[in-house]
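Trainee: I have a structure here, written as structure tokens, and I will follow up with some questions on it.
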Amino acid sequence: MQSRVDLAIGIGGAAGQGIATPGDILARIFARRGLHVNAYNAYQSIIRGGHIFLTLRTSDQPVLSHGDTIDVLMPLNQDTMNRHLKLMRAGSAVLFNSDTIKPGVVPDGVQLCPFSVRALAPAVRGDLVQNTIALAAVLRLVKVEFEVLEEILTLQFRRKGAAAVAENVGVARAGYDHAATHFRAFPFSLPDTGKRLAFFEGNQALAMGGAAAGVRFYCAYPMSPSSGVLHWMARHARQLGIMVRQVEDEIGVINMAIGAAHTGCRAMCATSGGGFALMSEALGAAAMMEIPVVCINVQRAGPATGVPTKTEQGDLWQVMGAGQGDYPRIIVAPTSIGDCFKVVPTLFNLVDRFQCPGIILSDLLLSEGRSSIDPVELDFNVPIDRGDVIGLNGDGPPVNGGFKRYRVTESGISPRALPGTPGYVHVVATDEHDEDGVLISDEFTDPHKRQAIHEKRMRKMDGVLPLLPPPEVQGATDARVTLVGWGSTEGVIREAMQQLAEAGIVANNLQIRWLVPLHADAILSTLSNGRTVIIVENNYSGQFARYLRSETGIVADGHIRKYDGEPFMPHHIADGVRAILAGSTKIYVPVHEIQV
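Sequential numbering of the sequence shown, starting at 28, is according to my numbering.
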């Protein structure tokens, strides 16, 4: 019986060389065979040129990260060959156009697989021919039938006509046959499980989660790496009955979303850290007016414009402190691309019920990364809880003819009336107010009224926490090390645990999804057992470590932090654990081996 298949393919070149197309085709083929796929694209913020490197990893088992190694390298230019060849390991293969690319020094055991575009496709013009040849050769190396590629190419190029289909299929056949004759195939074949998987990026998952949650209004100003949410929403808006607007700036975005939410529809927007900074005052206004709205912050490397196309977890303190003063908010950091879909309906039910803003804290790794998902995990028929909303159920006029929109209650939740509901006229303002909505500064600043209404709003958070599942330790209960992470680091931590186990170090993982409110007591109980606690995060200052210490008093035994713009690889974490256990450092800071 064939052992586990684990294949990582790296495709590199300059922007404009068509790197995405072979990657998409490979991912589609693998997902159609029921293979799990994880993809990460390291790219620059320029239109043409620069260096792009797409890592596509597939396996018959769930793929937790894009991994440490490359099994097949497809360099589309000399620069990629020079950067990555020295990192190839024994048993790997390098497929390249020998007309334009020279291999240089080859590590032992690496198979060079040259092909000549001039010889294999003399009648075909265009720079992208090498991509098709290399793509076909890769599939031959892993023993995928040519007919599978032929079907995909037919679908890919049929809009360009039969001639384009025939040309691309012919080029692919030449590359496939050349590989069969000249290259040594891998000692395994990619199985076909017979079950097709879906394959999409995290931004698309967030958008689909919004559709499942019943979002009826979405607006945004395009800002990478959050723009994919807008693209998906705009593409499917008419079909789903969602009004989508591209707004002039982020201040307009958040105020438009709040206005839509005030009318009773579910409203969502997305941005990155720079745009979120412009939204912060309005988020406080939403809390003061007790209007539920959801905002997505897809983190990228900062501060300021920072590195627009690189990942980081540097906005935690920003979202926790967004807007002046104290106000209730719910903050969640999805831990996987599948989780991006699931957290959106849950968060909408919470913000509707507790009438406050909700923030989803994603990052470039999740939002622009892509992963295979079992379609059964995508439940679009989720329960919808709109909370205590007058006007949705044909309510009659208020008893005794009065309506206190901000009535002080034990739970902190006051019945909410939709605009235009007969008999429920009330004032909605961003100034502090009494139960009727009357501004207390218009009368006189009554300390008792201010204290009572402020405490009312903040009491909501006491009701949120019991509805959230506390984080649970994954892995051995008797582990020597507990790796604590939040958000997107879950997959790579879990894979690092496997590497540590192979080295005789037993580790487990406590991954935090719900950040505000925080399950402080549950976390304290879990981590107060004598294990070595190491916190893993993609930022310089240890933002979550400081937050955890402030809420629980826990001081970690060690920290693994990365802030070079690229995500963790499993060995970064495994190496860090070993260094911390050896006592050589308390803060381990890995950096990518090559410039990407």
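For glycine and all other residues, C-beta sits at the position ideal for the given N, C-alpha and C. Values in this document were obtained by computation on a predicted structure and should not be read as measured data.
#1: At the level of alpha carbons, what is the spacing between ARG185 and THR553?
#2: For my contact list, PRO130 and MET108 are in at a C-beta cut-off of 8 Å; report their separation, rounded to the angstrom.
#3: Is ALA309 near the ligand PLP - that is, is its Cβ less than 7 Å away from at least one heavy atom of it?
#4: Can you tell me where the beta strand (DSSP E) with GLY311 in it begins and where it stops?
#5: Can you find the residues in the same chain that come closer than 6 Å, C-beta to C-beta, to GLN157, ignoring five residues on each side of it along the sequence?
#6: Counting beta carbon pairs with one atom in the segment 77-87 and one in the segment 235-249, are three or more of them shorter than 8 Å?
#7: Between PHE244 and SER394, what straight-line distance do the alpha-carbon atoms span, to the nearest angstrom?
#8: When you compare each of PHE173, MET524 and VAL192 to THR181 by their alpha carbons, which one comes out closest?
#9: From what residue to what residue does the beta strand (DSSP E) around PRO141 run?
#10: Could you work out which residue in ASP87, HIS289, ALA288 and GLY311 is closest to GLY221 when comparing CA atoms only?
#11: To which residues does DSSP link THR82 through a beta bridge?
#12: Secondary structure at CYS367, three-state DSSP: helix, strand or coil?
#13: Do ASN65 and SER611 have their C-beta atoms closer together than 8 Å?
#14: Taking the continuous beta strand (DSSP E) assigned at TYR245, which residues delimit it?
#15: Any chance the segment 461-473 sits against the segment 333-340, with 3 or more Cβ pairs inside 8 Å?
#16: Which value, in whole angstroms, describes the spacing of the CA atoms of GLY213 and VAL198?
#17: Find the nearest neighbour of PRO446 within the set PRO544, GLY153 and CYS292, judged by alpha-carbon distance.
#18: Counting along the chain, where does the alpha helix (DSSP H) carrying ALA572 start and finish?
#19: With DSSP as the reference, identify every bridge partner of TRP344, one or two as the case may be.
#20: On the CB-based measure, 16 or more other CB atoms within 10 Å of its CB, does VAL491 come out buried or exposed?
#21: Starting from LEU551, follow the beta strand (DSSP E) in both directions and report where the run begins and ends.
#22: Beta-carbon within less than 7 Å of ALA444's beta-carbon, same chain only, minus the 5 sequence neighbours each way: which residues are those?
#23: On the criterion of 16 or more Cβ atoms from any shown chain inside 10 Å, does HIS546 qualify as buried, or is it exposed?
#24: Buried or exposed: where does ILE179 fall if 16 or more other Cβ atoms within 10 Å of its Cβ makes it buried?
Mentor: A quick look at the data gives this:
#1: 56 Å
#2: 6 Å
#3: With respect to the ligand PLP, the structure offers nothing, as it holds no ligand at all.
#4: Taken as a continuous stretch (DSSP letters only), GLY311 belongs to no beta strand (DSSP E), being part of the alpha helix (DSSP H) at 300-316.
#5: ASN124 and VAL144
#6: no
#7: 20 Å
#8: VAL192
#9: 138-142
#10: ASP87
#11: GLY37 and TYR67
#12: helix
#13: no
#14: 242-247
#15: no
#16: A small correction: the amino acid at residue 213 is Phe; Gly does not occupy that position in the sequence shown. Rounded to the nearest angstrom, the two C-alpha atoms are 22 Å apart.
#17: CYS292
#18: 570-579
#19: Bridge partners of TRP344: none, in fact.
#20: buried
#21: Run containing LEU551: none in the beta strand (DSSP E); it sits in the alpha helix (DSSP H), 547-554.
#22: ILE417, GLY418, PHE430, ARG432, TYR451 and HIS453
#23: buried
#24: buried
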